[in-house]
Amino acid sequence: MLKSSEFDRVFARRCSFANGLVIVYFASGESLRPRLGLVVSRKCGNAVVRNRWKRALREAFRLVQHKLPRHLDLVVLPKRSAQPDVARLQASFQQLAARATEKLATQERQP
């Protein structure tokens with residue numbers, strides 16, 4: 021995801037889950053594949069640390085995106101206290117995406 025309107029749409033849904041590494045906001049989208057948006061603020065560290073976070077998040081998403089449902093838009097914010105680790109992020113993505121999928125499914129069933 022690149023446009024601020026896409027990020028705003030996900031944030032407006034106010035659906036999120038968090039763990040020790042990241043906060044994940046999610047919404048159902050129009051795309052035919054899951055999409056990722058990253059928000060890595062300066063509070064996470066200098067440019068080197070922020071870029072390391074982005075690389076690790078993109079790689080973790082790449083490794084689990086085939087397990088994610090289509091039409092899912094994710095916006096990920098790393099927590100300041102955590103360190104980027106692809107293996108831990110991959111496990112977090114799987115866990116949080118499963119919870120997001122369940123929540124979206126229950127919301128779609130409700131009138």
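Mapping of the sequence shown onto the working numbering: residues 21 to 131, in sequence order.
Built from N, CA and C at the ideal position, the CB exists for glycine as well.
Predicted, not measured: the structure shown is a model, and the values here were computed from it.
Which of helix, strand or coil DSSP assigns to residue i
i           : result
residue 90  : coil
residue 36  : strand
residue 48  : strand
residue 42  : strand
residue 74  : helix
residue 123 : helix
residue 28  : helix
residue 112 : helix
Residue i - partner residues in DSSP beta bridges
i           : result
residue 55  : 93
residue 144 : Since the first and last residues shown for the chain are 21 and 131, residue 144 lies out of range.
Check whether residue i and residue j have beta carbons under 9 angstroms apart
i           : j           : result
residue 84  : residue 43  : no
residue 77  : residue 60  : yes
residue 62  : residue 70  : yes
residue 87  : residue 38  : no
residue 94  : residue 118 : no
residue 123 : residue 35  : yes
Rounded C-alpha distance that separates residue i from residue j
i           : j           : result
residue 127 : residue 33  : 11 angstroms
residue 48  : residue 66  : 32 angstroms
residue 30  : residue 79  : 21 angstroms
residue 25  : residue 112 : 26 angstroms
residue 108 : residue 130 : 33 angstroms
residue 52  : residue 90  : 6 angstroms
residue 21  : residue 27  : 7 angstroms
residue 121 : residue 68  : 33 angstroms
residue 125 : residue 81  : 21 angstroms
residue 74  : residue 50  : 24 angstroms
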